[in-house]
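Start counting the sequence shown at 13; every next residue gets the next number (this note's numbering). Remarks on the structure that follows.
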Amino acid sequence: MKFLNSLKKNPRAIICIVFAFVFVIGMVFATIFDLKISASLTRLDESVPSITVPIFALIVEIIGEWPSNILGAFCAAVVMRAFIKVKKPWNYVGVAVLGAVSVYFVYSSVEASVEGIVELADKAFSSAHLLIVIPIAVILSFALFIGVFMLSEKTAKRLLVPCIVCGAMLALMFVGIQAGKLLWGRIRMRQLVAEFGDVSLFTPWYKLQPFSGYRSFPSGHTANAVSLGLLPLLFGSSIEKKFPYAKKATYIAVAVWSAFMALTRILVGAHFLSDVLCGAAIAFVCVILGHYFMDKIRNS
Numbered sequence: 013m014k015f016l017n018s019l020k021k022n023p024r025a026i027i028c029i030v031f032a033f034v035f036v037i038g039m040v041f042a043t044i045f046d047l048k049i050s051a052s053l054t055r056l057d058e059s060v061p062s063i064t065v066p067i068f069a070l071i072v073e074i075i076g077e078w079p080s081n082i083l084g085a086f087c088a089a090v091v092m093r094a095f096i097k098v099k100k101p102w103n104y105v106g107v108a109v110l111g112a113v114s115v116y117f118v119y120s121s122v123e124a125s126v127e128g129i130v131e132l133a134d135k136a137f138s139s140a141h142l143l144i145v146i147p148i149a150v151i152l153s154f155a156l157f158i159g160v161f162m163l164s165e166k167t168a169k170r171l172l173v174p175c176i177v178c179g180a181m182l183a184l185m186f187v188g189i190q191a192g193k194l195l196w197g198r199i200r201m202r203q204l205v206a207e208f209g210d211v212s213l214f215t216p217w218y219k220l221q222p223f224s225g226y227r228s229f230p231s232g233h234t235a236n237a238v239s240l241g242l243l244p245l246l247f248g249s250s251i252e253k254k255f256p257y258a259k260k261a262t263y264i265a266v267a268v269w270s271a272f273m274a275l276t277r278i279l280v281g282a283h284f285l286s287d288v289l290c291g292a293a294i295a296f297v298c299v300i301l302g303h304y305f306m307d308k309i310r311n312s
């Protein structure tokens, strides 16, 4: 009874338990049926072989990383603004690094979108397309910086610590995802079909192929979707007073978006069930840590 009562007072613990339960059950299914699930959802035709990819899933792939990348770019820009106001010799280094990080987030989103659109047209992405990517990225980055520097001093000051925490957790997630991709070296479903023409080369998630150059495990798109659970860190007291259910609504929206993203990643043959589950788990841990650290800071 004491345990149940303590859970009632700590909804975050309940969320963690529910997520852990879903993750474990999902990984058990993935361990047994990973390939079968992907074969069914992609409508694999082994005689060719080929898969059928719905257009909406490809569109989600193109735009899927925009929300979290813009969040990262915004956080970096807010911290950069604070560095500019610091009259120290080293502040220029911080400004340059944070500015570059912010621009990188925007640029990577634009590049991925243009590349996806080009591939939808059955053409190959080339250096010539950078003439489209770079101007768009520059304009959007400039607009973001203007927006951040137009914030009132009070708002910028309030956002500084949450943006530092949020940015740190996004960086931690990025490192975790990229390290996993390098160490597992798993071949994507669509690569098994298009490049190898042999799905028997499928490898289960527990077999590592370090530095093979393949990057199926874990799912970055799914992790980016889950990482939007960091958004409430940026909510101020005024937002919480005007919209008392803003946090809950955000968490529900993020959960739905993450589940939808995970499904589309399997539908396009980019990932297996185990990939999206582990990508979600890495981001979930970062989100929980972000809220934990923010609570500690606010209560100190």
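Note that the Cβ used here is the ideal one computed from N, Cα and C, for glycine as well.
What residues match up with residue i in a beta bridge as DSSP calls it?
| i | result |
| --- | --- |
| Ser62 | Asp57 |
Do residue j and residue i come within 8 Å of each other at the CB atom, strictly closer than that value?
| i | j | result |
| --- | --- | --- |
| Pro230 | Asp287 | yes |
| Ile189 | Gly232 | yes |
| Ala94 | Leu289 | no |
| Ser239 | Val297 | no |
| Ser153 | Ser212 | no |
| Val160 | Ser62 | no |
| Pro222 | Gly197 | yes |
| Leu171 | Leu246 | yes |
Spatial neighbours of residue i within its chain, please: CB distance less than 7 Å, with the 5 preceding and 5 following residues excluded, ordered by chain position.
| i | result |
| --- | --- |
| Ile176 | Val91 |
| Phe35 | Leu289, Ala293 |
| Met185 | Ala235, Ser239, Ile294, Ala295, Cys298 |
| Met39 | Ser286, Leu289 |
| Asp141 | Going by the sequence as given, residue 141 is His instead of Asp. Once the five neighbours on either side are set aside, the close Cβ partners of His141 are Val126, Val130. |
| Gly248 | Arg170 |
If distances are taken between C-alpha atoms only, which option among the options comes closest to residue i?
| i | options | result |
| --- | --- | --- |
| Leu301 | Trp196, Gly241, Ile96 | Gly241 |
| Ala112 | Val150, His141, Ala133 | Val150 |
| Thr336 | Ala25, Ser52, Ala69 | No statement about residue 336 is possible, as the shown extent of the chain runs from 13 to 312 and does not include it. |
| Pro79 | Val122, Gly291, Asp46 | Val122 |
| Val72 | Asn236, Val297, Leu285 | Asn236 |
| Ala274 | Ala32, Leu285, Ala265 | Leu285 |
| Ala89 | Gly76, Glu77, Val107 | Val107 |
| Arg227 | His283, Ser50, Val109 | His283 |
| Glu207 | Gly76, Gly281, Ile146 | Gly281 |
| Cys87 | Arg24, Cys178, Ala133, Asp307 | Cys178 |
| Lys166 | Glu131, Ser250, Gly128, Leu53 | Ser250 |
| Ser224 | Gly192, Phe255, Gly248 | Gly192 |
| Pro66 | Ile49, Leu53, Val60 | Leu53 |
| Val60 | Gly209, Ile264, Phe31 | Gly209 |
Where does residue i land, buried or exposed, given buried means 16+ other C-beta within 10 angstroms?
| i | result |
| --- | --- |
| Pro174 | buried |
| Val268 | exposed |
| Ile199 | buried |
| Leu194 | exposed |
| Met201 | buried |
| Glu77 | buried |
| Gly291 | buried |
| Val266 | buried |
| Leu156 | buried |
| Met306 | buried |
| Ser138 | exposed |
| Ser312 | exposed |
| Ala51 | buried |
| Val145 | buried |
| Ser270 | buried |
Excluding five sequence neighbours on each side, which residues of the same chain lie with their C-beta closer than 6 Å to the C-beta of residue i?
| i | result |
| --- | --- |
| Lys169 | none |
| Ser125 | Ile74 |
| Gly84 | Phe117, Leu182 |
| Arg55 | Thr64 |
| Leu47 | Phe214 |
| His303 | none |
Output needed for residue i: all residues of its chain with C-beta closer than 8 Å, excluding positions within five of it in sequence on either side, in chain order.
| i | result |
| --- | --- |
| Glu252 | Ala258, Lys259 |
| Ala136 | Val130 |
| Asn81 | Phe117, Val118, Ser120, Ser121, Asn236 |
| Ile309 | Val173, Val177 |
| Asn22 | none |
Within 7 Å: the Cβ of residue i and any heavy atom of the ligand MN?
| i | result |
| --- | --- |
| Gly192 | The ligand MN is absent from the structure shown, which contains no ligands of any kind. |
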